[in-house]
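Chains as they are written, first to last, in the numbering used here: chain A, 1 to 110; chain B, 111 to 223. Glycine residues also receive a C-beta, built at the ideal position from the N, C-alpha and C atoms. Let me begin by presenting the structure, written as C-alpha cells, before commenting on it.
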C-alpha cells in the first residue's frame, strides 16, 4: 500500500543549529513534493515545492532535497530560531488527491 | 485579504444530528477540498472539487457529503454524525487542479458525543 512516513514524531534542537526533517514514501511516483508548516490551532501553510527533476531547492533558511531513487525528501532549517517551532508536514500530490505525512513537531530551544 | 474561512470554528453535537460546516474562499479558486486531521494519522482528504458542480471522493469520504453550487463555497455535510467523526477539519483551496500551493482555512474542531 502507499505510505508517507515522516520519521520523527518530534524533534528537539538548540537554537542556532540546523534542523533536518525526513519524509519517506513508498509505492508512489510523485511529480513533486511539498512541505507545509502548521502552528497549533491553525491550518497548514505552504512553504516549498520541489519537482522530481530538482535535486535541491532553497528559500531563505530553508532547504529541501528530493531523491526519487531513495524515495525521500529532506527538509533543513539552518540557523534555527525558537520561532521555527511548529509541526512540519510533507505532502505528495497524486493526480488530484493530495496525501500528507503525519508531520514532525519541531521544538527549537533558546 | 485573501483567505479561506470556515464556520463554525468549534462544534459539539450529538450522534445523529445533521450538521453543516461551511467553507468559503475569496481567491476565485477553482479547486477546493476538505480534510480531517487526527493524531498520528495526519491530514486525510475527504472530498475535493475541481470546479463548480464537480466533486469527487478522497481517501475517507464515508459519512460525509459535499456540494459545490458556487465557486466560492464548499460546505461539508454530516447527515448523521457519529463519534468516530470527532476530528479537526480543514477546508483548503488552490487556483486549479494543476497548481500546487493549497491555502487552508483555520480549522473546525468537531466533537460528536
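Residue span of the beta strand (DSSP E) that contains residue i, given as start and end
i, result
"residue 167 of chain B", "164-167"
"residue 59 of chain A", "56-59"
"residue 160 of chain B", "152-161"
"residue 117 of chain B", "114-117"
"residue 208 of chain B", "It is not in any beta strand (DSSP E) - residue 208 of chain B carries neither H nor E in the DSSP assignment."
"residue 76 of chain A", "72-77"
"residue 148 of chain B", "141-148"
"residue 14 of chain A", "10-14"
"residue 3 of chain A", "3-6"
"residue 32 of chain A", "32-38"
"residue 134 of chain B", "129-135"
"residue 108 of chain A", "104-109"
"residue 18 of chain A", "It is not in any beta strand (DSSP E) - residue 18 of chain A carries neither H nor E in the DSSP assignment."
"residue 196 of chain B", "Segment: none, residue 196 of chain B is in no beta strand (DSSP E) and carries neither H nor E."
"residue 84 of chain A", "Where residue 84 of chain A is concerned, there is no enclosing beta strand (DSSP E), given that its DSSP letter is neither H nor E."
"residue 46 of chain A", "45-51"
Rounded Cβ spacing between residue i and residue j (contact assumed at less than 8 Å)
i, j, result
"residue 34 of chain A", "residue 48 of chain A", "7 Å"
"residue 215 of chain B", "residue 103 of chain A", "Going by Cβ atoms, the distance from residue 215 of chain B to residue 103 of chain A rounds to 18 Å, so no, they are not a contact pair."
"residue 143 of chain B", "residue 115 of chain B", "About 15 Å separates the two Cβ atoms, so there is no contact after all."
"residue 105 of chain A", "residue 9 of chain A", "7 Å"
"residue 155 of chain A", "residue 50 of chain A", "Residue 155 of chain A cannot be examined here, being either before or after the span of chain A that is shown, 1 to 110."
"residue 155 of chain B", "residue 97 of chain A", "6 Å"
"residue 65 of chain A", "residue 55 of chain A", "6 Å"
"residue 211 of chain B", "residue 46 of chain A", "4 Å"
Sequence-distant residues of its chain with Cβ nearer than 8 Å to residue i (five each side left out)
i, result
"residue 165 of chain B", "157, 158, 159, 176, 177 and 178"
"residue 123 of chain B", "129, 191, 220, 221, 222 and 223"
Candidates the options: closest to residue i by CA position
i, options, result
"residue 220 of chain B", "B:202, B:193, B:154 and B:214", "B:193"
"residue 118 of chain B", "B:131, B:155, B:210 and B:145", "B:131"
"residue 296 of chain B", "B:190, B:161 and B:202", "Because chain B is modelled from 111 through 223, residue 296 of chain B falls outside the range shown and cannot be assessed."
"residue 13 of chain A", "A:76, A:60 and A:5", "A:76"
"residue 109 of chain A", "A:97, A:84, A:98 and A:101", "A:84"
"residue 19 of chain A", "A:67, A:63, A:28 and A:57", "A:63"
"residue 73 of chain A", "A:17, A:43 and A:52", "A:52"
"residue 145 of chain B", "B:163, B:201, B:136 and B:112", "B:201"
"residue 120 of chain B", "A:17, A:42 and A:30", "A:42"
"residue 206 of chain B", "B:125, B:137, B:167 and B:127", "B:137"
"residue 100 of chain A", "B:125, B:111 and B:169", "B:169"
Other residues of its chain near residue i: CB distance less than 7 Å, five sequence neighbours each side excluded
i, result
"residue 173 of chain B", "188, 192 and 195"
"residue 86 of chain A", "37, 38, 39 and 106"
Cβ shell of residue i (< 6 Å), same chain only, five flanking positions each side left out
i, result
"residue 147 of chain B", "153 and 198"
"residue 28 of chain A", "2 and 92"
"residue 203 of chain B", "114, 135, 139, 142 and 213"
"residue 7 of chain A", "22"
I'd like to know if the stretch 75-89 of chain A and the stretch 184-203 of chain B are in contact, where contact means that at least 3 CB-CB pairs between them fall below 8 Å.
no
How about the stretch 12-25 of chain A and the stretch 83-101 of chain A: do they share at least three Cβ pairs that are nearer than 8 Å?
The way I'd put it, the stretch 12-25 of chain A does touch the stretch 83-101 of chain A; three or more beta-carbon pairs between them come closer than 8 Å.
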